[in-house]
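Engineer: The structure's right below; bear with me while I get my questions together.
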Amino acid sequence: MARIGVFVCWCGSNIAETVDVAKAAEVIAKIPGVVLSVDYKYMCSDPGQEIVKQAIKEHNLTGVVVASCSPRMHEKTFRKAAADAGMNPYMLEMANIREQCSWVHDNKKDGTQKSIDLIRMMVEKVKRNKPLQNIKIPVTRKALVIGGGVTGIQAALDIAAGGVPVILLEKDMSIGGHMSKLDETFPTLDCSQCILTPKMVEVAQNPLVTIMTYSELEKLEGFIGNFKATIRKKARYVDIDKCTGCGTCWQKCPVKVPSEFEQGLGVRKAIYIPFPQAVPSRPRIDAENCLKLKEGRCGICAKICPTQCISYEDKDVLIEEEIGAIVVATGYQLMPTSAFGEYGYGKYKDVVTSLQFERMVCASGPTLGDFQRPSDGKKPKTVVFVKCVGSRDPAHYYSYCSKICCMYTAKQTMLFRHKVHDGNAYVFYIDIRSNGKNYEEFVRRAQEEDGAQYIRGRVSAVYQDGEDLVVEGADTLTNSQVKIRADLVVLATAMEPPKGIKELAQKLGIGYDQFGWLTEAHPKLRPVESATAGIFLAGCALSPRDIPDSVSEASGAAAKVLGLVSKDELEKEGVVAKVREFSCTGCQNCIRVCPYTAISLKDIRDRAGNLIRQVAEVNPGLCTGCGTCTPSCPSRSIDLQGFTDDELYAEINAMAELI
Amino acid sequence: MQINLSKDVDLLQFGKVLKQESETDVRKCYQCGKCTAGCPLNYLMDISPSQVIRFCQLGIKEKVLNSKTIWFCIFCDTCSTRCPQEVDIKGVMDGLRRMATREGVQPKAQVRNLEKAFALMIKMFGRVYEPGVVAGYNFMSGNLFHDVILFPLLLIKRKINLKPHFKKAGEIRGMFKRAEKVRKERASEKGKEVVAHE
Amino acid sequence: MNYAYYPGCSLESTSPDFNESTKAIVDFLGLGIGELPDWVCCGASSLHPSDKLMSLALPSLTLESANKEQKDIMVQCPACYAHLREAQEALSHEGHEKDDLVQVIGRDVPAKMKIKHLSEILLNEVGIPALQEKMVKKLEGIKIASYYGCVIVRPKKLMKYDDPENPMVMDQLVSATGAQSIDWPFKTKCCGAGYSISKTEVTLDLTYEILSQAKKNGAEAISVLCPLCHINLDLRQKAIEQRYGEKFNLPIFYYTQLLGLSFGLDPKKLALDRLFVNPFPLLKSKGI
Amino acid sequence: MEENWEPKIIAFVCNWCTYAGADLAGTARFKYAPNVRVIKTPCTGRIDPMFILHALEKGADGVIVSGCHPNDCHYTEGNFNARRKYIMMRALLTQLGVDLERVTFSWCSASEGIKFARLVTEVVDRVRKLGPYEDFKTLNREVR
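Chains as they are written, first to last, in this note's numbering: chain U, 1 to 659; chain E, 1001 to 1198; chain Y, 2001 to 2288; chain P, 3001 to 3144.
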């Protein structure tokens, strides 16, 4: 038989003014099961809490209802008090007779009546409450960072700085990402290599960081604190532990291929490192183009390799890792010029992407910084920069703004003018978005000091006319058409999610938007978390960002990871769903509606191990207690503890009879 | 130029009619100017296509209905094809022309006479009898000898067949009448008086 | 294949050469496409702006007769093509517009039939291999710029013909003949046909650009699929040369004529003699 | 209709948006009709259509279901599930001959205290016009 104690609070005059607390307590006392019903001026005060604790002990109460302010205010306070008095905290409920009663009604009769009802409802609920235990989940003290760009590198460094081992996973053969391809960076014009390569070395040398390049996530199982990641190390045909990176192989290799790192502007060999500062500075053989692997001819590299580290029989390897938390920093890719018909579908050599431009001016680029245009090596004197190519174009491509183009275009006009002092730089823009520290000043500098000619309007078409390119644009400020004969056209093409991102997101069980950008748990308050517990997001994986934003998000995500793995056990509220196995039919409705993939099928076998049937099983680690599964169950076999059908129906009954 | 938006403009009414006529939403336009940039006839226009859209956004009807631009537009559709915001600029020009016609605004370019000539031909013969069109056009535009030099050439090349052919002419005349009627009804629904167009 | 041929007014009057060459190759290929009986004007672009309703009603009549014959429609003139398509759209979507239309025509018109341009039919339904089997002459060595004009490719949603920025249908047919179809930027630039009569100088300005671009890209002739484009580039080429003091002397072929030549048809049947810019010197120089 | 009858309204709300909204109505002192009794659930996704029927059966004259706005759900998609169920529910209610005027579904965020206050008053007025809800109770009696 339940022994409920009820404590009605005056909250000074806040409640007492419109609720006859004494009368309420008195009426409630008559409810069967209520052994004690008192009122007090300030329940939340220390003496107030003492009253509760004492009562629990003296009357050995099985449940408590505190009728005062909103549970959002003091539920924790009172549940702690109850726990201190040796009662299961989930056996205490609050009736909200302040925010939802005394403060919104001014007629004392109504107020009192409503308070009595509200308390009554809670009493009926508490009678049926079951003691719940908070859930404890063990945590693996190891993190996985997916993506070895500047974001991933920063996240790995920060996590390692917290003393936690990290695996830095990169699908390409070197870490460094897009930033390693840039020449100089806005708004400070310091050289990208100079600030990035030290970080690359630092992360490579950090004993807590394991870098896995040319590897991808194959499979992910488990849940927060307890992930099991399967990683595919793709065949590299070079044993990077034995290899010294001496470079004899790629000097001797006869095959020349356009270099991905140089955006197709330079060449590489079939065995190669992408760029001199690559980390690890170890080559790989590109199987599509290697003569040995294609036709069985050649094989020079293996012959001349001083350390015998090349093996043409190399195969992909699968590695399993226990992981506690994951940071996804998969970055972006740039739309190629070939996507844009009005700009020549990439058939004009001298229409390039902004990233190609970076390589053209970069001192470590294919021309070693000597500024030449791709078609004929001529030094361009007139360069036209076109912004919002593929961005802000819902009719054909993407509706979003790629965010960084305004800034890097301004930067590129400067780089150009520093190479060609008497050159003309034209920039076609719709709006200039320079909201960042020293950004606006930077854009002004490009125009005022480096003489970039900004034209407000879009470009309708670009076509080859003899040696030159003709740019047909508009200047909407004078409302005139403008034609420019240019030597080079640079398209600030849109940033888009990298290929394969959706597949990866599905492996991780995290959400993405219609474009493929990963979605954060909350756009404002949980910007670096995914909806799946234990998986965090940073950088351009979420949407276009510049380096400062990406790096700060990396640190943010790292902090989240450290917070998570800092304890050996996670503790979370006991309000989770529970399956009644005997009646579960395994229809999987709950599995379908669960937003957190917290429910799965479990086999039930007899002693002989034969499968009898399958039933739903809730993973308390993943369950957030939303209760969406409960109404979806046709056989009433899954129930949300703390808000069970039993408890809620009791509330309904109590209310309906009384009011 | 000064516009008193709070006084001179009936944006709602104008916007509604324009949307009906052009089946497109000018509010989508963010003035990137790509339409102007690609327009083959911009060099003849008094205000650029993107400006026309802008004035429409502001609801300044007089300006657009009295512009040369709407009459110079040749419907090559380069603008609409490349517009990033799916604004059918051509459709807007088209709609504005019809609105102008309805409100009896005198066209600011010569093209209309040609249309009338065409319409006349079709009424008469059911098919366009091109020498007739040219003649009719010249007559209306008061430039009787325009292009006449070309006729001998055309004749030599047997490129004009001189006998007009009568096809369903009667029926079509009937259709013109009914079209007039329907237009009147629609217009009266919109509570506008109609300047019939023949 | 079950098409009826809708010539349209231009092909009837000012562009008989297009008309004849079309009939010539259609017969030669034995596609069995006869002319659609009692078709009427499509109310082309110059009626359109002033009178939307009529510009939909007229082509509806043509759709109706095609329906009577239970045939799909084969068109050559892009303007007609566009207007038939528009009428079809209007008729196949319930709503205000359709109601008005029905009221004007006096009855509802079912418009389920296919409407296709001959070039599409040749490329997609006959197919290059089948065409090449029938080819006896290779037009080798002629550099030809395929010029589409605006109407056939725009608006894409309506015409569904080919990529408006870089269409390839005609290019493929032209290179099938052995001629070299060059890549150039003005394939779909407007020729100003709408002003051919009312504001000729405008047309001249625009066509001049097109001709000179073609020449710059090494074209020796231009292939077109639109009667109005043809008039402007061919008939008015002299005027253009005078206005800008620049000689072009670019023969303007209809793609049907080029195909006809490669089929070894009689130039007279293809009405080559009707072109203003005499194509024969060029053809001779290439030994065709 | 019995003397001085007052409509009984029961409101099923989610913890994160509407319950907080109701609290805000309190802290801001927006007055509303006292006829409503709020039952808190973690998420509208938890609200079983049967709750609504049960409430009506047990003598409620009107029901409010309210949670986070679309896309604001604390549990990302619980409220969409709720909406789907509610659509089904409406069909069911009409089947059963329950006047849909008695069951109100509304989004109400944690910042919309005033909206909650108005919602309640509005529903109370509407139900007051409809009069007490007897059908199910009589039905029950017959069954018994």
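By construction, the Cβ of each residue, glycine as well, lies at the ideal position given by its N, Cα and C atoms.
Using a C-beta to C-beta distance shorter than 9 Å, which residues of chain Y count as neighbours of U/Asp422?
Structural biologist: Numbered from its first residue, the first sequence carries residue 422 of chain U at position 422. Within chain Y, no residue comes near U/Asp422; the closest Cβ sits about 28 Å away, beyond 9 Å.
Engineer: Under 7 Å Cβ to Cβ from U/Ile432, same chain only, skipping five residues before and after it: list those, please.
Structural biologist: Taking the first sequence and counting its residues from 1, the one referred to as residue 432 of chain U is at position 432. Only Cys406, Val443 meet the Cβ criterion.
Engineer: Which residues in the same chain have their Cβ closer than 8 Å to the Cβ of Y/Phe2028, if we skip the five residues on either side of it in sequence?
Structural biologist: Along the third sequence, one-based indexing puts residue 2028 of chain Y at 28. Cβ neighbours of Y/Phe2028 beyond the five flanking positions: Lys2134, Gly2260, Phe2263, Leu2265.
Engineer: Which residues mark the beginning and the end of the beta strand (DSSP E) in which U/Thr353 is found?
Structural biologist: Translated into positions along the first sequence, residue 353 of chain U becomes position 353. Here the beta strand (DSSP E) through U/Thr353 covers 351–353.
Engineer: So which residues of chain E does U/Thr662 contact, with C-beta pairs closer than 8 Å?
Structural biologist: In the structure as shown, chain U begins at 1 and stops at 659. Residue 662 of chain U is therefore absent and cannot be evaluated.
Engineer: Tell me which residues of the region 1050–1084 of chain E have at least one Cβ-Cβ distance to chain Y shorter than 8 Å, keeping chain order.
Structural biologist: Going along the region 1050–1084 of chain E in chain order, one finds Ile1074, Phe1075, Cys1076, Asp1077, Thr1078, Ser1080, Thr1081 with a Cβ nearer than 8 Å to chain Y.
Engineer: Grouping DSSP H, G and I as helix and E and B as strand, with all else coil, what is U/Pro258?
Structural biologist: For the purposes of this step, residue 258 of chain U is identified with residue 258 of the first sequence, where counting begins at 1. In the structure shown, U/Pro258 sits in a strand (DSSP, three-state: E or B).
Engineer: Skipping 5 residues on each side, what residues in its chain have a beta carbon closer than 7 Å to that of U/Lys179?
Structural biologist: Here residue 179 of chain U refers to the residue found at position 179 of the first sequence. Note that residue 179 of chain U corresponds to Met in the displayed sequence, not to Lys. Excluding positions up to five away in sequence, the list reads Gly149, Val150, Ser192, Leu196, Ile547.
Engineer: Any residues in the region 478–490 of chain U with a beta carbon nearer than 9 Å to a beta carbon of chain E? Which ones, in chain order?
Structural biologist: Answer set for the region 478–490 of chain U: Asn479, Ser480, Gln481, Val482.
Engineer: Provide the residue(s) that pair with U/Asp468 in DSSP beta bridges, ordered along the chain.
Structural biologist: Locating residue 468 of chain U in the first sequence gives position 468, counting from the first residue. BP columns for U/Asp468 point to U/Asp465.
Engineer: For Y/Pro2007, decide whether its Cβ has a neighbour in chain U, counting only Cβ atoms nearer than 9 Å.
Structural biologist: Reading the third sequence from its first residue, position 7 is the one you call residue 2007 of chain Y. Answer no: the Cβ-Cβ gap between Y/Pro2007 and chain U never drops below 9 Å.
Engineer: Using alpha carbons as the reference points, say which of U/Leu508, U/Tyr426, U/Leu504 lies closest to U/Ala486.
Structural biologist: Numbered from 1 along the first sequence, position 486 holds the residue referred to as residue 486 of chain U. Of U/Leu508, U/Tyr426, U/Leu504, the residue nearest in Cα terms is U/Tyr426.
Engineer: Reducing DSSP to helix, strand and coil, say where U/Gly163 ends up.
Structural biologist: In the first sequence, counting from the first residue as 1, residue 163 of chain U sits at position 163. Of the three classes helix, strand and coil, the one that applies to U/Gly163 here is coil, per DSSP.
Engineer: So who's on the other strand from U/Ser600, going by DSSP bridges?
Structural biologist: In the first sequence, residue 600 of chain U corresponds to position 600, counting from 1. Answer by DSSP bridge pairing, in chain order: U/Glu617.
Engineer: In three-state terms, what does DSSP make of Y/Tyr2003?
Structural biologist: Locating residue 2003 of chain Y in the third sequence gives position 3, where the first residue counts as 1. Strand at Y/Tyr2003.
Engineer: Just to confirm, are P/Pro3070 and P/Asn3079 a CB contact at a threshold of 9 Å?
Structural biologist: For the purposes of this step, residue 3070 of chain P is taken as the residue at position 70 of the fourth sequence. For the purposes of this step, residue 3079 of chain P is taken as the residue at position 79 of the fourth sequence. Contact flag set, yes.
Engineer: Roughly how many whole angstroms lie between the Cα atoms of U/Val19 and U/Lys108?
Structural biologist: Residue 19 of chain U sits at position 19 when you count from the first residue of the first sequence. Residue 108 of chain U sits at position 108 when you count from the first residue of the first sequence. In a straight line, the C-alpha of U/Val19 is about 6 Å away from that of U/Lys108.
Engineer: Measuring alpha carbon to alpha carbon, tell me which of U/Cys290, U/Val327, U/Pro187 ends up nearest U/Arg268.
Structural biologist: Position 268 of the first sequence, counted from the start, is the residue given in the question as residue 268 of chain U. That would be U/Cys290, whose Cα lies nearest to the Cα of U/Arg268.
Engineer: Output yes if chain E places a C-beta closer than 9 Å to the C-beta of U/Ile430; else output no.
Structural biologist: Position 430 of the first sequence, counted from the first residue, corresponds to residue 430 of chain U. Output row for U/Ile430: interface = yes.
Engineer: What residues in its chain sit with their C-beta under 7 Å from that of U/Lys349, if we drop five residues either side in the sequence?
Structural biologist: For the purposes of this step, residue 349 of chain U is taken as the residue at position 349 of the first sequence. Taken in chain order, the residues that qualify are Pro374, Ser375.
Engineer: Any C-beta of chain U sitting closer than 9 Å to the C-beta of Y/Asp2183?
Structural biologist: Walking along the third sequence from the start, residue 2183 of chain Y turns up at place 183. Closer than 9 Å: yes.
Engineer: Checking 9 Å against the spacing of the C-beta atoms, do Y/Leu2158 and Y/Ala2090 come in under that value?
Structural biologist: To locate residue 2158 of chain Y, count along the third sequence from 1; it is residue 158. To locate residue 2090 of chain Y, count along the third sequence from 1; it is residue 90. Their beta carbons are not under 9 Å apart, which means Y/Leu2158 does not touch Y/Ala2090 by this criterion.
Engineer: Would you call the region 399–416 of chain U and the region 180–187 of chain U in contact, with 3 or more CB pairs under 8 Å?
Structural biologist: In short, these stretches touch, since the Cβ pair count reaches three.
Engineer: At a Cβ threshold of 9 Å, is P/Pro3034 touching chain U?
Structural biologist: The residue given as residue 3034 of chain P occupies position 34 in the fourth sequence. Interface residue, yes.
Engineer: Can you tell which of U/Asp549, U/Glu529, U/Arg592, U/Lys23 has its C-alpha closest to the C-alpha of U/Ile224?
Structural biologist: For the purposes of this step, residue 224 of chain U is taken as residue 224 along the first sequence, with counting starting at 1. Looking at the Cα atoms, U/Glu529 is the closest of the given residues.
Engineer: Secondary structure at U/Thr493, three-state DSSP: helix, strand or coil?
Structural biologist: Reading the first sequence from its first residue, position 493 is the one you call residue 493 of chain U. It is a strand residue.
Engineer: Which residues bound the beta strand (DSSP E) around P/Ala3011?
Structural biologist: Position 11 of the fourth sequence, counting from 1, holds the residue named residue 3011 of chain P. P/Ala3011 -> beta strand (DSSP E) spans 3009–3014.
Engineer: Closest to Y/Ile2073 by C-alpha separation, out of Y/Leu2225, Y/Phe2280, Y/Ile2033, Y/Met2054, would be which residue?
Structural biologist: Counting from one through the third sequence, the residue named residue 2073 of chain Y turns up at place 73. It is Y/Ile2033.
Engineer: Pull up the CB-CB distance for U/Glu617 and U/Val561, whole angstroms please, since I reckon it's below 8 Å.
Structural biologist: Counting from one through the first sequence, the residue named residue 617 of chain U turns up at place 617. Counting from one through the first sequence, the residue named residue 561 of chain U turns up at place 561. In fact, because the Cβ distance is near 28 Å, the residues do not count as touching under 8 Å.
Engineer: Which same chain residues end up closer than 6 Å to E/Pro1107 when comparing Cβ atoms and leaving out the 5 residues on each side of it in sequence?
Structural biologist: As a position in the second sequence, residue 1107 of chain E is number 107, starting the count at 1. Cβ neighbours of E/Pro1107 beyond the five flanking positions: Trp1071.
Engineer: Taking U/Ala541 and U/Val328 to be in contact with their CB atoms under 8 Å, please state how far apart those CB atoms are, rounded to whole angstroms.
Structural biologist: Taking the first residue of the first sequence as 1, we reach residue 541 of chain U at position 541. Taking the first residue of the first sequence as 1, we reach residue 328 of chain U at position 328. Going by Cβ atoms, the distance from U/Ala541 to U/Val328 rounds to 5 Å, so yes, they are a contact pair.
Engineer: Please determine, among U/Thr112, U/Glu260, U/Gly176, the residue with the shortest C-alpha to C-alpha distance to U/Glu202.
Structural biologist: Along the first sequence, one-based indexing puts residue 202 of chain U at 202. Closest by alpha carbon: U/Gly176.
Engineer: Based on Cα-Cα distance, which residue from Y/Ile2105, Y/Val2109, Y/Ala2004, Y/Glu2246 lies nearest to E/Met1175?
Structural biologist: As a first step, residue 1175 of chain E is located in the second sequence; it is residue number 175 there, counting from the start. Taking only the C-alpha atoms, the option nearest E/Met1175 is Y/Ile2105.
Engineer: Restricting to Cα atoms, I'd like to know which of Y/Ser2181, Y/Ala2193, Y/Glu2012 is closest to Y/Leu2233.
Structural biologist: For the purposes of this step, residue 2233 of chain Y is taken as residue 233 along the third sequence, with counting starting at 1. Measuring from the Cα of Y/Leu2233, the nearest candidate turns out to be Y/Ala2193.
Engineer: Got a sec: is the Cβ-Cβ distance from U/Ala461 to anything in chain Y below 9 Å?
Structural biologist: Translated into the one-based positions of the first sequence, residue 461 of chain U becomes position 461. Yes - at least one Cβ of chain Y is within 9 Å of the one on U/Ala461.
Engineer: Flag this pair as yes or no: are the beta carbons of U/Glu321 and U/Lys142 separated by less than 9 Å?
Structural biologist: As a first step, residue 321 of chain U is located in the first sequence; it is residue number 321 there, counting from the start. As a first step, residue 142 of chain U is located in the first sequence; it is residue number 142 there, counting from the start. Yes, the Cβ-Cβ distance between U/Glu321 and U/Lys142 is below 9 Å.
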